[in-house]
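S.K.:
Residue numbers (full-length UniProt numbering): 1 to 266.
This is how it looks when you write it as structure tokens:
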């Protein structure tokens, strides 16, 4: 029996596939010790150590091409640089995974909150919100795909963004998204807001929900100030594709309420 191993025996010993060993050979980072009389690739101790070295470098994040280049005439300093580059890539991937983890929890929290508050109107406390306006249109205008692509500024990560429709005037609405860490052009102050969470099958039902919202405010003697904000909950479409989920908001002016109550007492 020969002292050297066949490619299948080497693959089994090192817990890799034959295909992977052949790939390393194609890329010039591993060679057999020799070909026997039957043209079988044979591998000895040197090849076992070499393969172990390659697998370690791959685990440390080096590409096969980087291993091949370094193997030709690489220096210890160059290896250190390669490993530092690998660390940088891994840290970047960790940041991306952390951000993804936060996004998933945000989606789940939104779903949980909406599930508890479906079709409810209540007072909530909100922090100040910074928005970046995308474009403005008529209140009665129906949004279509062409309106989105005709804008000068491209909205990144549209599929992740909650779309905010800010009704500044009776006939105009500004389409915005929330921004963090950068300057926006619309700031919604923090404070008490009247919140109405609901889901509808068609945007044709929006007007009725606006009326319900205003009727509730009037009956409760809430003085609404500033623009009404309609938030389209993009994340929640993952759970019910047939419905559109919204939150309608307006700031409540408590000082005006107090003044009105004092006037009524007189």
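All residues carry an ideal CB built from backbone N, CA and C; glycine is no exception.
Since the structure is predicted, the reported quantities are computational estimates derived from the model, not experimental observations.
(1) Apart from the five residues on each side of it in sequence, which residues of its chain come closer than 8 angstroms, Cβ to Cβ, to residue 161?
(2) Go ahead and label residue 259 buried or exposed: buried means 16 or more other beta carbons lie within 10 angstroms of its beta carbon, across all protein chains shown.
(3) Within 10 angstroms of its Cβ, does residue 264 collect 16 or more other Cβ (buried), or is it exposed?
(4) Assuming contact is defined by CB atoms lying nearer than 8 angstroms, are residue 67 and residue 57 in contact in what I supplied?
(5) Extract the residue ranges of the alpha helix (DSSP H) inside the UniProt domain "HTH merR-type" (4 to 73), only unbroken runs of 4 or more that lie entirely within it.
(6) Which residue wins for smallest C-alpha separation from residue 206, given the options 194, 10, 25 and 231?
(7) Once the 5 residues before and after residue 50 are set aside, which same chain residues still bring their CB inside 7 angstroms of it?
(8) Just to confirm, is the Cβ distance from residue 166 to residue 137 under 8 angstroms?
(9) Helix, strand or coil for residue 102 per DSSP?
(10) Looking only at C-alpha atoms, which of 201, 208, 190 and 92 sits nearest to residue 226?
(11) How would you write the range of the alpha helix (DSSP H) that residue 217 sits in, first residue to last?
(12) Closest to residue 197 by CA distance: which of 101, 14, 111 and 81 is it?
(13) Leaving out five residues on either side along the sequence, give the residues of the same chain with a beta carbon under 7 angstroms from the beta carbon of residue 120.
(14) Within 10 Å of its beta-carbon, does residue 252 have 16 or more other beta-carbons around it, so buried, or fewer, so exposed?
(15) For residue 254 and residue 193, which I take to be in contact (beta-carbon distance under 8 angstroms), what is that distance rounded to the nearest angstrom?
(16) Under 8 angstroms, Cβ to Cβ, is there at least one residue of chain B near residue 112?
M.R.: The relevant details are as follows:
(1) For the purposes of this step, residue 161 is taken as the residue at position 161 of the chain shown. Closer than 8 angstroms at Cβ, skipping near neighbours: 155, 177, 178 and 234.
(2) As a first step, residue 259 is located in the chain shown; it is residue number 259 there, counting from the start. For residue 259, the predicted model reports a pLDDT of 37, less than 50, meaning its position is unreliable; a value from the coordinates is still stated below. Residue 259 is exposed by the Cβ-count criterion.
(3) Position 264 of the chain shown, counted from the start, is the residue given in the question as residue 264. Legend: pLDDT at residue 264 = 41, less than 50; position of this residue unreliable, value from coordinates given subsequently. Exposed, because fewer than 16 other Cβ atoms sit within 10 Å of the Cβ of residue 264.
(4) Within the chain shown, the letter at position 67 stands for residue 67. Within the chain shown, the letter at position 57 stands for residue 57. For residue 67 and residue 57, yes; Cβs fall inside 8 angstroms.
(5) Listed in chain order, the alpha helix (DSSP H) elements of length 4 or more contained wholly in the UniProt domain "HTH merR-type" (4 to 73) are 7 to 14, 18 to 26, 45 to 59 and 64 to 73.
(6) Your numbering for residue 206 matches position 206 in the chain shown. Comparing Cα-Cα distances from residue 206 to each of 194, 10, 25 and 231, the minimum goes to 231.
(7) Numbered from its first residue, the chain shown carries residue 50 at position 50. Excluding sequence neighbours, residue 50 sits near 30.
(8) Reading the chain shown from its first residue, position 166 is the one you call residue 166. Reading the chain shown from its first residue, position 137 is the one you call residue 137. No, Cβ-Cβ distance for residue 166 and residue 137 is not below 8 angstroms.
(9) Here residue 102 corresponds to residue number 102 of the chain shown, with the count starting at 1. In this structure, residue 102 counts as helix in the three-state DSSP scheme.
(10) Numbered from its first residue, the chain shown carries residue 226 at position 226. The option with the nearest alpha carbon to residue 226 is 190.
(11) Mapped onto the chain shown, residue 217 falls at position 217. Element bounds for residue 217: 206 to 219.
(12) By one-based count along the chain shown, residue 197 stands at place 197. Nearest of 101, 14, 111 and 81 to residue 197, Cα basis: 111.
(13) The count along the chain shown starts at 1 and reaches residue 120 at position 120. Contacts found: 197.
(14) Working through the chain shown from its first residue, we reach residue 252 at position 252. With 16 or more other Cβ atoms within 10 Å, it is buried.
(15) Position 254 of the chain shown holds residue 254. Position 193 of the chain shown holds residue 193. Not confirmed; about 11 angstroms, so no contact.
(16) The structure shown contains no chain B; it holds only a single protein chain.
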